[in-house]
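Reading through the structure tokens given below for one structure.
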DNA sequence: GTTAATATCGATAATCGTTCTCATTTCAAG
DNA sequence: CTTGAAATGAGAACGATTATCGATATTAAC
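Protein chains in written order, with the working numbering: chain A, 4 to 148; chain B, 4 to 148.
Now the structure itself:
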């Protein structure tokens with residue numbers, strides 16, 4: 004069983020649990036995101052997926068997000084989507100403040116652990132239950148420097 | 004000179020440098036944000052500012068952001084605005100993924116330093132020049148738990 | 001102070017990413 | 001096959017944000 008089959012099997016399971024079907028349109032959408040190392044906008048996904056209709060793209064993005072397959076985060080301009088972290092690996096984003104380009108990167112597990120410890124401490128003192136975090140590095144990419 | 008006067012003097016300077024005036028509407032907007040410990044949406048600011056017209060609120064939010072007085076932050080639902088960090092202090096956000104509420108919190112300086120060190124290392128290997136970071140904790144607030 | 005030049009205000013229209021509607025098509029089960 | 005439920009796709013609707021433009025206020029020069 005290839006790693007792609009493994010991914011699709013996991014996605015199919017999550018959709019089934021959510022009472023949804025794993026149609027070819029949704030499979031194509033997952034393939035697009037699995038082939039990229041950065042979060043994509045709905046327009047980029049529609050383009051990459053042979054210009055699928057926006058209504059279908061948006062609906063399936065919502066379904067897949069609801070089922071825990073995708074993760075949505077809001078940029079300055081558009082929303083972007085990526086595979087949920089437990090389907091890939093925990094990572095962070097390098098955001099170019101000039102052109103808006105986003106790349107992925109990872110931190111050593113020791114750094115991750117110390118961040119989560121610090122957040123737990125701060126969160127409980129504010130009455131929040133911390134479940135995750137979002138750490139973006141802001142700067143300039145090679146093109147915009 | 005009170006701390007509020009100091010803030011207003013700094014804001015006036017930045018607007019002047021940007022070729023803009025510090026009008027009473029803009030002063031009122033800064034006062035609203037200075038009196039709050041969390042980023043506010045345009046609607047909240049308009050409400051707090053005696054229901055100022057949305058068009059004026061949005062235009063002044065854009066002007067003040069352009070001048071480096073405010074920082075725009077995209078929450079789960081709407082955009083939110085807060086005073087720029089160099090006018091207050093470096094801090095992070097607790098974001099409730101259910102209701103979208105956002106609170107501020109700070110980390111010990113040791114934790115901040117180790118985060119920046121880790122980001123510098125990761126950034127240079129991707130060709131990015133790192134200038135800052137954005138760390139948000141995601142979870143549930145006291146109401147939504 | 002007056003005045004002219006210029007920037008801001010505020011009501012409204014326009015924009016645009018996103019969501020909703022609904023008739024048509026696809027899918028899975030019997 | 002049939003049949004019923006779910007998904008699709010074209011287009012309308014929505015809503016936060018932005019642009020427009022005449023009225024108003026502020027600044028600077030006299």
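No residue lacks a Cβ here, since even glycine has one placed at the ideal position from N, Cα and C. Predicted, not measured: the structure shown is a model, and the values here were computed from it.
Residue 60 (chain A) and residue 31 (chain A) have their C-alpha atoms spaced approximately 10 Å apart.
Around the C-beta of residue 136 (chain A), 16 or more other C-beta atoms lie within 10 Å, and the residue is accordingly described as buried. At a beta-carbon threshold of 8 Å, the residues of chain A lying near residue 77 (chain B) are 77, 78 and 79, ordered along the chain. The beta carbon of residue 106 (chain B) falls within 8 Å of a beta carbon belonging to chain A, placing the residue at that interface. DSSP, reduced to helix, strand and coil, places residue 97 (chain B) within a strand of the structure shown. Under DSSP, residue 84 (chain A) takes part in a beta bridge, and its partners are A:43 and A:75. Contact between the stretch 89 to 97 of chain A and the stretch 87 to 106 of chain B is absent: fewer than 3 CB-CB pairs across the two stretches fall below 8 Å.
In this structure the stretch 75 to 84 of chain A lies against the stretch 42 to 58 of chain A, because at least three pairs of beta carbons, one per stretch, are closer than 8 Å. The shortest CA-to-CA distance from residue 114 (chain A) to any of A:64, A:95, A:105 and A:125 is the one to A:95. A distance below 8 Å separates the beta carbons of residue 67 (chain A) and residue 29 (chain A). Distance between residue 147 (chain A) and residue 131 (chain B), taken at the CA atoms: about 9 Å. By the Cβ-count criterion, residue 106 (chain B) is buried, with 16 or more other Cβ atoms from all chains shown falling within 10 Å of its own Cβ. The C-beta of residue 79 (chain A) has fewer than 16 other C-beta atoms within 10 Å across all chains shown, which makes the residue exposed.
In the DSSP annotation of this structure, the continuous segment of the alpha helix (DSSP H) that includes residue 59 (chain A) starts and ends at 57 to 69. Rounded to the nearest angstrom, the gap between the Cα atoms of residue 18 (chain B) and residue 142 (chain A) is 24 Å.
The CB of residue 102 (chain A) never comes closer than 9 Å to any CB in chain B; the least such distance is about 12 Å.
Not one beta carbon of chain B lies nearer than 8 Å to the beta carbon of residue 45 (chain A). Straight-line measurement puts the Cα of residue 121 (chain A) at about 22 Å from the Cα of residue 97 (chain A). If you compare the alpha carbons of B:104, B:118 and B:65 with that of residue 40 (chain B), the shortest gap goes to B:104. Counting C-beta atoms within 10 angstroms of its own C-beta, residue 49 (chain B) has 16 or more neighbours from the protein chains shown and is therefore classed as buried.
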